[in-house]
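**Student:** Residue numbers (our numbering): 65 to 305.
#1: What does residue 145 pair with, by DSSP beta-bridge criteria?
#2: Contact check, residue 142 vs residue 131 under 8 Å by CB: the rounded distance?
#3: How many Å lie between residue 273 and residue 267 at the Cα?
#4: Within 10 angstroms of the Cβ of residue 234, are there 16 or more other Cβ atoms? Answer buried if so, exposed if not.
#5: Terminal residues of the continuous beta strand (DSSP E) containing residue 176?
#6: So, with DSSP's three-state summary, where would you put residue 193?
#7: Closer than 6 Å by C-beta to residue 161: which residues in its own chain qualify, once you throw out the five before and the five after it? Chain order, please.
#8: Where does residue 24 land, buried or exposed, given buried means 16+ other C-beta within 10 angstroms?
#9: Roughly how many angstroms separate the alpha carbons of residue 259 and residue 163, rounded to a whole number?
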């Protein structure tokens with residue numbers, strides 16, 4: 065019988081400090097890998113959010129437009145316009161915070177007559193929510209911050225409301241400044257905070273107003289000639305960087 069041979073392999077025992085160093089290195093690389101993975105996931109989620117939450121512009125509906133205290137001289141126009149309109153947020157995942165609303169009243173949809181703004185602004189529109197907003201625009205013809213109405217335009221307006229049918233064609237432009245942000249009720253809000261500042265501009269044109277002829281005791285007044293609310297179809301949304 066052949067003699068058996070026993071082979072002894074050396075057992076290497078690392079010192080305590082080397083074993084500790086190896087464990088720390090493994091945790092360090094694991095931490096780096098986890099951080100990189102997290103950054104990639106967040107970046108990917110941000111891209112998905114940007115695509116899936118592309119905001120739809122607000123929807124505007126004008127409900128009323130009236131004019132009072134209309135007086136026209138050789139050099140100036142004085143009047144007060146009051147308009148109400150509905151603002152709706154059509155988005156399902158995005159809320160909208162209104163910071164400011166400015167408005168311009170136009171004659172014949174092209175010549176600015178008065179610049180106004182909505183008082184006490186600063187409100188939110190949750191997804192699918194709508195609100196009624198009132199705006200007053202007043203000009204005496206002497207304000208430095210109001211448009212200068214040229215003589216030919218004054219004569220045209222005067223001719224329209226004092227003669228013929230007494231109907232004057234106006235237009236309203238609204239500029240809404242605000243911010244879209246993810247609705248807190250959606251899953252995306254818990255993962256990533258997203259917001260976008262925008263200017264939303266809409267034109268409500270072709271608004272025929274019947275104006276009564278001014279007398280010595282009463283200035284010209286009038287209201288819209290339509291049977292119900294009207295959607296303002298021209299909407300432009302500008303992204304603010």
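Built from N, CA and C at the ideal position, the CB exists for glycine as well. Since the model is a prediction, treat every value here as computed from it, not as a measurement.
**Tutor:** Inspection of the coordinates gives the following:
#1: Here residue 145 refers to the residue found at position 81 when the chain shown is read from its first residue. Note: residue 145 sits in a beta bridge opposite 131 and 201.
#2: One-based indexing of the chain shown puts residue 142 at position 78. One-based indexing of the chain shown puts residue 131 at position 67. The C-beta distance from residue 142 to residue 131 rounds to 11 Å, too long to meet the 8 Å contact threshold.
#3: By 1-based counting over the chain shown, the position of residue 273 is 209. By 1-based counting over the chain shown, the position of residue 267 is 203. Rounded to the nearest angstrom, the two C-alpha atoms are 16 Å apart.
#4: The residue labelled residue 234 in the question sits at position 170 within the chain shown. Buried, by the Cβ-count rule.
#5: Within the chain shown, residue 176 is the residue found at index 112, counting from 1. The continuous beta strand (DSSP E) containing residue 176 extends over residues 175-181.
#6: What you label residue 193 is simply residue 129 of the chain shown in a count that begins at 1. Correct three-state label for residue 193: coil.
#7: Numbered from its first residue, the chain shown carries residue 161 at position 97. Same-chain partners within the cutoff: 188, 242 and 243.
#8: Because the chain is modelled from 65 through 305, residue 24 falls outside the range shown and cannot be assessed.
#9: Along the chain shown, one-based indexing puts residue 259 at 195. Along the chain shown, one-based indexing puts residue 163 at 99. In this model, residue 259 and residue 163 are separated by some 14 Å (Cα to Cα).
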